[in-house]
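If you read the sequences in order, they're chains A and B.
Counting in this note's numbering, the first sequence runs from 664 upward without gaps.
Counting in this note's numbering, the second sequence runs from 9 upward without gaps.
A virtual CB, placed ideally from N, CA and C, is assigned to each residue, including glycine.
Treat the numbers as computed from the prediction; the structure is a model and nothing was measured.
First the structure, in the form of structure tokens, and then the observations on it.
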Amino acid sequence: MMTNPTGRITQGQFSFLPDLTDDEIRMQVDYGLSKGYAWSVEYTDDPHPRNTYWEMFGMPMFDLKDAAGLMMELGQCRKTFPNHYIRLMAFDSTRGVESIAMSFIVNRPKSEPGFGLVRQEADGRNIRYTVHSYATDQPEGERYAG
Amino acid sequence: MTAPLYSIPGSTQADVSATAPAASAVGGARTVNEVLAQSQVEAVMDELDRELIGLAPVKQRIRDIAALLVIDKLRASLGLAADGRQAKPSLHMCFTGNPGTGKTTVALRIAEILHRLGYVRKGHVVSVTRDDLVGQYIGHTAPKTKEVLKKAMGGVLFIDEAYYLYRPENERDYGQEAIEILLQVMENHRDDLVVILAGYKDRMDIFFKSNPGMSSRIAHHIDFPDYSSDELLAIAERMLGAQHYHFGAGARDAFSDYLERRMRQPHFANARSVRNALDRARLRAASRLFADRDRVLTKADLTTLMPADILASRVFQAAAN
């Protein structure tokens, strides 16, 4: 049985759906703005599920009123990192919440090689399992060049 | 493994229709009245007429712009809209005029009108000056300008005293960088924001001469005339009315006299000077009432400005000496 038959990593919202179009992204962003969230753009080329903190592309954008500002920033990020994972995150600054309220991937590499299962022989006959992204065999910045 | 083995649900339907809500706001209208009724722009224009005194050329230009947008909407509903980059008329504006002639107030109203007509999506006004756009060291200006532009998107960016952006005496000034980013966004994102530059006429002319690219990207140059003394008096009465004050017997004439004298003095800032004069008159009225501690104050006492409150002004004392 294949673990990830679609060959796409599934992290954050909407990741089981086809990629959102720009208009759909804009509507999601407008929804977040109407809730008072602050949007930011992040990118990475290490898709490991435990890689929580991606690189920030510019500052988080507080005080936005319209999605156009974020789309401009996203356009620039896509131009700079066309073959990276890029996600948009909405930060809810309500006191007591103060965490990420929305997060979804808006850009993927052309091919996503997925993950391999790594077995480690431990004490006795024990086996420890972990996942390993094939992409990370390459050095940073060269992982999705193809 | 590049090609997915399963089909992703929904992936075969390439065009998911995500229509912007604003686009359909004025759908199906056939007459000017229908567009006006649907966008309720008439109410804002009437308010503009009623609440702003004078400024006839400015109001006329705003009416023209609103008319163009209404007609464009009707054309669009018949499929006559221009396509591509020319789809929307460029609405960047330049307001020139002396201080206190209502440039900021009109900018707020224009944002409201453009929002009602669906030209800008949110209709907020971000008011900035040089300090908000230009950084202090290398590499500081571009992010700063872009942040302001991002905040203003979907609304109106109002740049007060825009000519300070360009400092010809210092060729390493970062203002030029801000202007370049501004120009780029004004051209490429004209759907997303409207830029309004404001400032004194003569300095604005010099600014445009040294930045021809800026001048050619601004379609509407609107000149704000100075107010006549009658208009200023009407403005004063309106300001007082908003604060629940009114002129007592003779006070209106005294204020008219005050305005005549004040207008001849330097640094006269039209409506702003009127507001300051009224604020000072209110201070004097308050001290006058405060001095008489045992008197029972009626509503009339508390809302009336007496001639003495106005005649105590410095302007009259200078004439007496």
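Quick check: the Cα distance between Q21(B) and P681(A), rounded to an integer number of angstroms?
Taking the second sequence and counting its residues from 1, one reaches residue 21(B) at position 13. Taking the first sequence and counting its residues from 1, one reaches residue 681(A) at position 18. Caution is warranted here: a pLDDT of 49 is assigned to Q21(B), below 50, making its placement in the model unreliable, and the coordinate value is therefore given only provisionally. Those two C-alpha atoms are separated by around 10 Å.
Would you please state the rounded distance, in angstroms, between the beta carbons of G207(B) and T104(B)? I believe it to be under 8 Å.
Against the second sequence, residue 207(B) aligns to sequence position 199. Against the second sequence, residue 104(B) aligns to sequence position 96. Their Cβ separation, rounded to whole angstroms, is 6 Å, which keeps G207(B) and T104(B) in contact under 8 Å.
May I have the straight-line CA-CA distance separating E761(A) from K158(B), to the nearest angstrom?
Residue mapping note: residue 761(A) aligns to position 98 of the first sequence, counting from 1. Residue mapping note: residue 158(B) aligns to position 150 of the second sequence, counting from 1. If I take the Cα positions, the gap works out to 23 Å.
Neighbouring residues, chain B, relative to E736(A) (Cβ below 9 Å)
As a working mapping, residue 736(A) is identified with position 73 in the first sequence. Result: K154, K158.
Would you report the Cα separation of D80(B) and D685(A), rounded to the nearest angstrom?
Here residue 80(B) is taken as the residue at index 72 of the second sequence, counted from 1. Here residue 685(A) is taken as the residue at index 22 of the first sequence, counted from 1. Approximately 26 Å between the Cα atoms of the pair.
When we look at the beta-carbon of V134(B) and count the other beta-carbons within 10 Å, is it buried (16 or more) or exposed?
Here residue 134(B) refers to the residue found at position 126 when the second sequence is read from its first residue. Label assigned to V134(B): buried.
With DSSP collapsed to three states, give me the class of R806(A).
Numbered from its first residue, the first sequence carries residue 806(A) at position 143. R806(A) falls in the coil class under three-state DSSP.
Near M101(B), what residues of its chain come up, given a Cβ to Cβ distance below 8 Å and the 5 sequence neighbours on each side ignored?
For the purposes of this step, residue 101(B) is identified with residue 93 of the second sequence, where counting begins at 1. Setting aside the 5 residues that flank it on each side, M101(B) is surrounded in the same chain by I118, V202, V203, I204, L205, I226, A227, H228, H229, I230, each with a C-beta closer than 8 Å to its C-beta; the list follows chain order.
Report yes or no: do the region 153-173 of chain B and the region 727-743 of chain A share at least 3 C-beta pairs separated by less than 8 Å?
yes
CA-to-CA distance, E268(B) to S237(B), given in whole angstroms
For the purposes of this step, residue 237(B) is taken as residue 229 along the second sequence, with counting starting at 1. For the purposes of this step, residue 268(B) is taken as residue 260 along the second sequence, with counting starting at 1. Spanning the two alpha carbons is a distance of roughly 7 Å.
Quick check: the region 737-744 of chain A against the region 702-716 of chain A, are at least 3 beta-carbon pairs closer than 8 Å?
yes
So, for F778(A): in the same chain, excluding its five sequence neighbours on each side, which residues have a beta-carbon less than 6 Å away from its beta-carbon?
For the purposes of this step, residue 778(A) is taken as the residue at position 115 of the first sequence. The residues are V794, S796.
Just tell me which of E185(B), S224(B), Q68(B), F298(B) has its CA closest to the CA of R333(B).
Examination of residue 333(B) is not possible in this model, given that chain B is present from 9 through 329 alone.
Along chain B, which residues have their Cβ under 7 Å away from the Cβ of M724(A)?
Residue numbering aside, residue 724(A) sits at position 61 when the first sequence is read from its first letter. The contacting residues are K158.
Please list, in chain order, the residues of the region 692-705 of chain A that have any C-beta partner in chain B closer than 8 Å.
For the region 692-705 of chain A, there are no residues whose beta carbon sits under 8 Å from a beta carbon of chain B.
Interface partners of D729(A) on chain B, CB under 8 Å
Here residue 729(A) corresponds to residue number 66 of the first sequence, with the count starting at 1. Within 8 Å Cβ-Cβ: R129, K130, M161, G162, G163, D200.
Determine the direct distance from the alpha carbon of A798(A) to that of D709(A), and round the result to whole angstroms.
Along the first sequence, one-based indexing puts residue 709(A) at 46. Along the first sequence, one-based indexing puts residue 798(A) at 135. The straight-line gap from Cα to Cα measures roughly 8 Å.
CB of I121(B) within 9 Å of CB of V49(B), strictly:
Translated into positions along the second sequence, residue 121(B) becomes position 113. Translated into positions along the second sequence, residue 49(B) becomes position 41. Taking 9 Å as the Cβ cut-off, I121(B) and V49(B) qualify as a contacting pair.
Distance, S321(B) Cα to S313(B) Cα:
Position 305 of the second sequence, counted from the first residue, corresponds to residue 313(B). Position 313 of the second sequence, counted from the first residue, corresponds to residue 321(B). Reading off the sequence shown, one finds Leu at residue 313(B), where the question assumed Ser. Spanning the two alpha carbons is a distance of roughly 13 Å.
Residue interval of the alpha helix (DSSP H) (run including R71(B)):
Here residue 71(B) corresponds to residue number 63 of the second sequence, with the count starting at 1. For R71(B), the enclosing alpha helix (DSSP H) has its first and last residue at 64-85.
Any beta-carbon of chain B closer than 9 Å to the one on G732(A)?
For this step, residue 732(A) is matched to residue 69 along the first sequence. Yes, because at least one Cβ of chain B sits closer than 9 Å to the Cβ of G732(A).
Are K111(B) and D168(B) touching if we call contact CB-CB under 9 Å?
Indexing the second sequence from 1 puts residue 111(B) at position 103. Indexing the second sequence from 1 puts residue 168(B) at position 160. Yes; because the gap between Cβ atoms is below 9 Å, this pair is in contact.
Helix, strand or coil for G738(A), going by three-state DSSP, please let me know.
As a first step, residue 738(A) is located in the first sequence; it is residue number 75 there, counting from the start. Three-state DSSP puts G738(A) in a helix.
Which residue's Cα is closest to the Cα of Q251(B): V78(B), Q325(B), P274(B), A289(B)?
For the purposes of this step, residue 251(B) is taken as the residue at position 243 of the second sequence. Among V78(B), Q325(B), P274(B), A289(B), the Cα nearest to that of Q251(B) belongs to A289(B).
To the nearest angstrom, how far is the alpha carbon of Q46(B) from that of R124(B)?
Position 38 of the second sequence, counted from the first residue, corresponds to residue 46(B). Position 116 of the second sequence, counted from the first residue, corresponds to residue 124(B). Going by the C-alpha atoms only, they are around 9 Å apart.
Does the region 237-246 of chain B come into contact with the region 257-273 of chain B, if we say contact requires no fewer than three beta-carbon pairs (one atom in each stretch) closer than 8 Å?
The region 237-246 of chain B, when compared against the region 257-273 of chain B, does touch it at the 8 Å Cβ threshold.
Of all the options L310(B), A279(B), G131(B), which has the alpha carbon lying nearest to the alpha carbon of R292(B)?
Locating residue 292(B) in the second sequence gives position 284, counting from the first residue. Ranking L310(B), A279(B), G131(B) by Cα distance to R292(B) puts L310(B) first.
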